[in-house]
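Engineer: Residue numbers (the working numbering), protein chains in the order written: chain A, 200 to 560; chain B, 200 to 560; chain C, 200 to 560; chain D, 200 to 560.
Using N, Cα and C, we set each Cβ at its ideal position, and we do this for glycine too.
Sharing a structure, written as structure tokens. Questions coming.
Protein chains: 4
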Amino acid sequence: MPNFVVLGAGVSGLTCALQLAKQEGNVVTVVAKHMPGDYDIEYTSPWAGANFLPMALEAGSRYERRTWPELKRLAAEVPEAGIHFQKVHVMRCKKDEPTGFRLALSDGLFAPDPWYKAVVDDYRELPASELPAHMHSGAEWTSVCINTTMYLCWLAGQCAARGVVLKRAVVGHVAEAAALAEGGGRRADVVINATGLLACRLGGVMDAAVYPARGQTVLVRNENANTMYVASGTDDGADQLCYTMTRAAGGGTILGGTYQKGNWDPNPDPNTAVAIMKRAVEAQPQLTGGRGIEGLDIIRHGVGLRPAREGGVRIEKELIDGVWVVHNYGHAGWGYQGSYGCAEHVLELVDEIVAITKSKL
Amino acid sequence: MPNFVVLGAGVSGLTCALQLAKQEGNVVTVVAKHMPGDYDIEYTSPWAGANFLPMALEAGSRYERRTWPELKRLAAEVPEAGIHFQKVHVMRCKKDEPTGFRLALSDGLFAPDPWYKAVVDDYRELPASELPAHMHSGAEWTSVCINTTMYLCWLAGQCAARGVVLKRAVVGHVAEAAALAEGGGRRADVVINATGLLACRLGGVMDAAVYPARGQTVLVRNENANTMYVASGTDDGADQLCYTMTRAAGGGTILGGTYQKGNWDPNPDPNTAVAIMKRAVEAQPQLTGGRGIEGLDIIRHGVGLRPAREGGVRIEKELIDGVWVVHNYGHAGWGYQGSYGCAEHVLELVDEIVAITKSKL
Amino acid sequence: MPNFVVLGAGVSGLTCALQLAKQEGNVVTVVAKHMPGDYDIEYTSPWAGANFLPMALEAGSRYERRTWPELKRLAAEVPEAGIHFQKVHVMRCKKDEPTGFRLALSDGLFAPDPWYKAVVDDYRELPASELPAHMHSGAEWTSVCINTTMYLCWLAGQCAARGVVLKRAVVGHVAEAAALAEGGGRRADVVINATGLLACRLGGVMDAAVYPARGQTVLVRNENANTMYVASGTDDGADQLCYTMTRAAGGGTILGGTYQKGNWDPNPDPNTAVAIMKRAVEAQPQLTGGRGIEGLDIIRHGVGLRPAREGGVRIEKELIDGVWVVHNYGHAGWGYQGSYGCAEHVLELVDEIVAITKSKL
Amino acid sequence: MPNFVVLGAGVSGLTCALQLAKQEGNVVTVVAKHMPGDYDIEYTSPWAGANFLPMALEAGSRYERRTWPELKRLAAEVPEAGIHFQKVHVMRCKKDEPTGFRLALSDGLFAPDPWYKAVVDDYRELPASELPAHMHSGAEWTSVCINTTMYLCWLAGQCAARGVVLKRAVVGHVAEAAALAEGGGRRADVVINATGLLACRLGGVMDAAVYPARGQTVLVRNENANTMYVASGTDDGADQLCYTMTRAAGGGTILGGTYQKGNWDPNPDPNTAVAIMKRAVEAQPQLTGGRGIEGLDIIRHGVGLRPAREGGVRIEKELIDGVWVVHNYGHAGWGYQGSYGCAEHVLELVDEIVAITKSKL
């Protein structure tokens, strides 16, 4: 009976734990410093928007491509998961045409003929008549928006319902995690390393390629008429973004944002907050009925540190101090929208490890 | 088809919404300034411990008595709700004997022969051999501990799964809430007022009897060996308490606390925090393996304002500006442990209103 | 050799201590929970603007009238005190004419023919040509603006230079303070009670008439062309104010504000902050060169609780548990601008006590 | 008439400005994002202890050696500056003997026969009878402790009294600062770059060798019997320190601390806070009369980011985009204790620039 420890309880860790737990016979323990319900700067998942806006280029589209069906199913059939459908307007700014509409944080989203148009149901390019003057082009389609804390709690609950034990602990070295497995004192056969930003400080990993991409947001009570918004750029600098999304189940509307590489500041910057609100109401005046940012009803200001990584996500197996580890970290801003695809890859690597291990017997 | 607006998304509001939604034909909308997943000083529910430690005297025990079966069922059968069983040690301090072991915040909990011993399954008085020297007596029985944010999200999810719409809004007057009902533009037939502490500022209510009973806590990663603890008093003043409980699903252990009437301070006081930790490790040295408070691994400090009320909870119907309102607020520290019993009473009052309304036709 | 303890190190306490220390032979100790350099919600003085904008009616104008000469002298001759001259525009809104232009927090400031026009040097009514359309009338004259932390530190320094000992301590009862006097173990002959808002919790005083009048502010780097601004009202409710002032010595510009009676919230409200900024740039567009609130460069958001009192300031002597006390608290929003006048009154009461005491010998 | 802009208003900038202003004929403007009275994580000076505990090796001792006389003079003769004398116990731990008692942050302080014993007045090695068992050796002498905000305000005041203008502004490039000089529109002849940690982000400088050395502290009301304490190490890791000092003028007692290289976290860590308090009361039980950390009366928790630099302090002249700049940054933890020595060096470099400039005419 294979025994697993998943290290980390963000969206990546919990999704892996859930998928492992769905396989009969697996014993799964989630060990984490931070858990659903927490808001801590080391714990990125609750600070995310979150939604499905593919960023990968076609060559790397597997993770997002394979995640969409499950997010769509949850939005359609499982209201208690905290996911609902929303139209999205993906806007390509004229000023960004010379760079191919590529944001610092993403490549594929703003592509004029994106791979994901074949994946989602109702992709259409917006006609010129529906575009503001400063926009080169844009597209509309139906995506989802996720109430992050509600979804994280739902994931944790689904794990619990399948017998996963969730255990609060701080682990100094990735191999130590194996000893924290439930199930009669046996060490875990495999540790899934889903530690996100903390992978840069975790013993046995200490991945120097991991860095924060700081995202500041404003959560407001105003709603944006069921249409999410994202633009390929802003006038306020390369690390300043403009996007909005209304979370399911009364979760409020996220106004974003920033993508500040290497910036660890956990506190909201008051001037950045004003700029974010200004961009949002300019892009979607209906948020406040044309009353400007004074019409926003702020719930709170937020900061999350996207767990970015030079070289991109790391999903691979490694034997560390005698413990098999499958890494799954470095998702930057696409952790939710790639979560099921990445978990699928993790389970493939787990199968490889099981095969290797058995062959040695 | 009766149409309801529940004003407030704490444990009281969500439980009422869920129970209403379980009745076929009801249309239910939850309207709230704060929602599950939020941490705001105006929103008490996530800051609670929470558990089942009855406080009522026998005469007023209906709400808690009628809540226990459902909490027990959830702990036993619905792991995704974030509730688990824990033993509790209820300790009566020798120094509190002259006052009948009554805390400021509770009457019945420390009674030597409590009504609830017939309600829970395994109540037993502790023999002298199991008591510390400064304890007059104590009891042990199996209660539950609730991971509050996980449970609030689960309640919201259960509502959503039954068609309840959760809507974020700030309402100035209780009668305005009726206009926010879903369901084709009809006004709500009844508004459930579950606004907690905010009932003191809500138009049409402005209940001057409502006041905060400030509770400061420390959430730690340490676990208390599956045994919750609560004492009838402390040496640090009448508004200082001592209790611990480990939340389900890796939610950490709450160390409490305080009961500071009329104190609105939303920020943790650093000296109170040290005193809380000291009392907790003295009562349960196993929390840190005898290493004192330096062995605690603090997740965060917290403050919640219990929505207390002179005269106790208010569950009654009232016609306000032509809108039928059922009040359900003023639960102080027993909101979770009385939630299903109070909702039952609310539904009875709703039935009375329906009867009155029909008789007028 | 008379021996004094001044309880409290806000502007009221330090000014009294300084004036006492200037009298030869006095031994003075300042005992305080909070000291210059601190920012704590219990310690109002650093959160003030501060400036000289008389609020008293003529009958009660003594304290402000007697303070102006010293503030003017410091601005002119003592640059290290952190006070500089600024023009002020006092604006009477047309909409406030029916109420005689009286703000909740003040009576005399907006009087059309104020007593203080004979006190300041260059008072002039503004001609219609210099008034915005929604203003009934206005006046211009030269006042001062105080860099509060710099001035509090300067006061503390002047005390220290005259031998005053500043001692950090928390006192439970006003009479206990007498025992904390320096000077060879003697108890103080007189305690000056300058505890501000804390007077409502101080043993022996417990003044239930004291309440907070919460003021929220935004401190920005922008400067307002050397002209302070204050209006008799706003469109945002009776507890919302509009004023600006640029502090001396690079202290930034304070944008205000609010006057929220009975509100103890120590944390800035984000929506109030936006409203304050909007009102300020509408009143003084030059703050951001016409760029709106996005042109503000926010240093920080702030909250101070003005120590208000039903019945007004309390300056009187009282024998408490055998200790002579002179009270000097309840200044609401005019603590700085009445500081020297109040200290003068305190010293008169001290003289009365000395006379009484001697006569008993 | 030479015209100077000093960029930065920490202790380094203000000391340079003051010394420049003392030279007849100089026009000096201080331009800074943060000013005395502020608490901001980018502004290190108020978060410092501060005191005089030399860290340099003898070869590099100039800055500290030349600063001591002025700090001593201020403590003796200028009480309003907020500096007072305190004994210090410098303790060398037995466990640190193998490494020569060298802390990460310092070299010379714990030297058994330090250069500074000839500089201070009353250095003596402690006899074994005065040492705790785990100490190898120790020394006692009279140093000073500085109330940082009071001293920064005093420095600003002394500048103002000598005609220095203090101007709040954010500068993107060091050469832009020259245009902000007071004095009739002339550009500054020399810019003093005293930007501390911000030197890593300042246009024209962008010094990648600058990094934070995070220091967490606890400020308490307890006093340590007039004896500062510092030990060569702790049992809690190389980045954990133990020192205490009581600030002048009721400024409270600083308990330290940490020296965490590369850590930008501006928020106090609650577990680190407990550890700091525990070490302090173990080292100086008299702080709480033997009552442990529960006897501490916490004023607040703090974090400052020492502006450290690979290669050490940078004091040198450079012509940047046509503007002469004298750098004075990278002081890590010795900014106060080297302030006058560094300013002296800065003035020498200014003289060199003046000579160069004149020779070109």
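Would you kindly work out how many angstroms separate the C-alpha atoms of Cys358/C and Thr214/C, rounded to a whole number?
Structural biologist: Their backbone Cα atoms lie some 9 Å apart in a straight line.
Engineer: Using a Cβ cut-off of 9 Å, which residues of the region 458-469 of chain A contact any Cβ in chain D, in chain order?
Structural biologist: Answer set for the region 458-469 of chain A: Asn462, Trp463, Asp464, Pro465, Asn466.
Engineer: Got a sec? Which residues, its chain only, sit under 7 Å from Asn346/B by beta carbon, not counting five neighbours each side?
Structural biologist: Same-chain partners within the cutoff: Gly281, Arg446, Ala447, Ala448, Gly450.
Engineer: Which value, in whole angstroms, describes the spacing of the CA atoms of Gly356/D and Gly383/C?
Structural biologist: Answer to the nearest angstrom: the Cα atoms are 34 Å apart.
Engineer: Can you give the beta carbon distance from Asn250/A to Val343/A, rounded, assuming they're within the 8 Å contact cut?
Structural biologist: Correct: roughly 6 Å between the Cβ atoms.
Engineer: For Asn527/C, which residues in the same chain have their Cβ closer than 7 Å to its Cβ, ignoring the five residues on either side in sequence?
Structural biologist: Cβ neighbours of Asn527/C beyond the five flanking positions: Ser211, Cys215, Ile391, Asn392, Ala393, Ile514, Cys541, Val545.
Engineer: Nearest to Pro411/D by CA position, among Trp353/D, Gly461/D, Gly362/D, is which residue?
Structural biologist: Cα-wise, what sits closest to Pro411/D is Gly461/D.
Engineer: How would you list, in chain order, the residues of chain D whose beta-carbon sits under 7 Å from the beta-carbon of Ile475/B?
Structural biologist: Result: empty, since nearest Cβ-Cβ is about 11 Å, beyond 7 Å.
Engineer: Between Tyr238/C and chain D, is any beta-carbon pair separated by less than 8 Å?
Structural biologist: It does; some Cβ of chain D falls within 8 Å.
Engineer: Between which two residues does the beta strand (DSSP E) holding Met427/C run?
Structural biologist: Counting along the chain, the beta strand (DSSP E) containing Met427/C begins and ends at 426-430.
Engineer: Keeping to the same chain, check which residues put their C-beta closer than 7 Å to that of Asn225/C; ignore five residues upstream and five downstream.
Structural biologist: Cβ neighbours of Asn225/C beyond the five flanking positions: Pro201, Phe203, Leu219.
Engineer: What are the residues in the region 475-498 of chain D lying within 9 Å of chain B by C-beta distance?
Structural biologist: From the region 475-498 of chain D, only Met476, Lys477, Gly491, Ile492, Glu493, Leu495, Asp496, Ile497, Ile498 have a Cβ closer than 9 Å to chain B.
Engineer: May I have the straight-line CA-CA distance separating Pro253/A from Ala408/A, to the nearest angstrom?
Structural biologist: Roughly 23 Å between the two C-alpha positions.
Engineer: Taking buried to mean at least 16 other C-beta atoms within 10 Å of its own C-beta, is Asn423/D buried or exposed?
Structural biologist: Buried.
Engineer: Could you tell me which whole beta strand (DSSP E) segments of length 3 or greater appear in the region 513-557 of chain A?
Structural biologist: The region 513-557 of chain A contains these whole beta strand (DSSP E) runs: 513-519, 522-528.
Engineer: Give the residues of chain C in contact with His500/A, contact being defined as C-beta atoms less than 9 Å apart.
Structural biologist: Pro469, listed in chain order.
Engineer: For His288/C, count the other beta carbons within 10 Å of its own beta carbon; 16 or more makes it buried, fewer makes it exposed. Which is it?
Structural biologist: Under this definition His288/C is a buried residue.
Engineer: When you compare each of Ala554/B, Ala437/B, Arg413/B, Ser431/B to Val502/B by their alpha carbons, which one comes out closest?
Structural biologist: Looking at the Cα atoms, Arg413/B is the closest of the given residues.
Engineer: State yes or no: is the C-beta of Asp320/C within less than 8 Å of the C-beta of Thr341/C?
Structural biologist: Cβ distance < 8 Å, so Asp320/C and Thr341/C count as in contact.
Engineer: Only counting the same chain, and skipping five residues up and downstream in sequence, which positions put a Cβ closer than 6 Å to that of Leu304/C?
Structural biologist: Note that Leu304/C scores a pLDDT of 48, beneath 50, so its modelled location is shaky and nothing firm can be said.
Engineer: For Ala303/A, does the three-state DSSP call read helix, strand or coil?
Structural biologist: Confidence at Ala303/A is low in this model, with a pLDDT of 45, below 50, so the placement of that residue should be treated as unreliable; the coordinate-derived value is given next. In this structure, Ala303/A counts as coil in the three-state DSSP scheme.
Engineer: Please confirm whether Leu365/A has its beta-carbon closer than 8 Å to some beta-carbon of chain B.
Structural biologist: True, the Cβ-Cβ gap to chain B drops below 8 Å.
Engineer: Can we say the region 221-240 of chain B touches the region 326-338 of chain B, given the rule of at least three CB pairs closer than 8 Å?
Structural biologist: No contact exists between the region 221-240 of chain B and the region 326-338 of chain B.
Engineer: If the cut is a Cβ gap below 9 Å, which residues of chain A does Val369/B touch?
Structural biologist: Simply Arg420, Asp496.
Engineer: Which runs of the alpha helix (DSSP H) fall wholly inside the region 381-433 of chain B and span at least 4 residues, in chain order?
Structural biologist: Runs found: none.
Engineer: Okay, do the region 481-494 of chain B and the region 356-376 of chain B touch, 3+ Cβ pairs below 8 Å being the bar?
Structural biologist: Counting Cβ pairs under 8 Å, fewer than three are found: no touch.
Engineer: From Ala317/A to Thr471/B, what does the alpha carbon distance come to, in whole angstroms?
Structural biologist: Computed Cα separation, rounded: 59 Å.
Engineer: Who are the Cβ neighbours of Thr433/B in its own chain at under 7 Å, not counting the five residues just before and after it?
Structural biologist: The answer, listed in chain order, is Gln439, Leu440, Cys441, Arg478.
Engineer: Using beta-carbon positions only, say whether Thr416/B and Gln285/B come within less than 8 Å of one another.
Structural biologist: Contact: no.
Engineer: Please report the residue range of the beta strand (DSSP E) in which Lys286/C lies.
Structural biologist: Unbroken beta strand (DSSP E) run through Lys286/C: 282-292.
Engineer: Could you confirm whether any beta carbon from chain A is found closer than 8 Å to the beta carbon of Gly503/B?
Structural biologist: Gly503/B does not count as touching chain A.
Engineer: When you check each C-beta in the region 335-353 of chain D against every C-beta of chain C, which residues fall closer than 9 Å?
Structural biologist: From the region 335-353 of chain D, only Asn346, Thr347, Thr348, Met349, Tyr350, Leu351, Cys352, Trp353 have a Cβ closer than 9 Å to chain C.
Engineer: With three or more beta-carbon pairs closer than 8 Å as the criterion, would you say the region 490-504 of chain A touches the region 237-246 of chain A?
Structural biologist: Touching, per the Cβ criterion.
Engineer: Less than 6 Å between C-beta atoms, sequence neighbours within five positions excluded: which residues of the same chain meet that for Gly510/A?
Structural biologist: Cβ within range, chain order: Ala408.
Engineer: Give the range of the alpha helix (DSSP H) segment to which Thr228/A is assigned.
Structural biologist: Where Thr228/A is concerned, there is no enclosing alpha helix (DSSP H), although the beta strand (DSSP E) it sits in stretches over 226-231.
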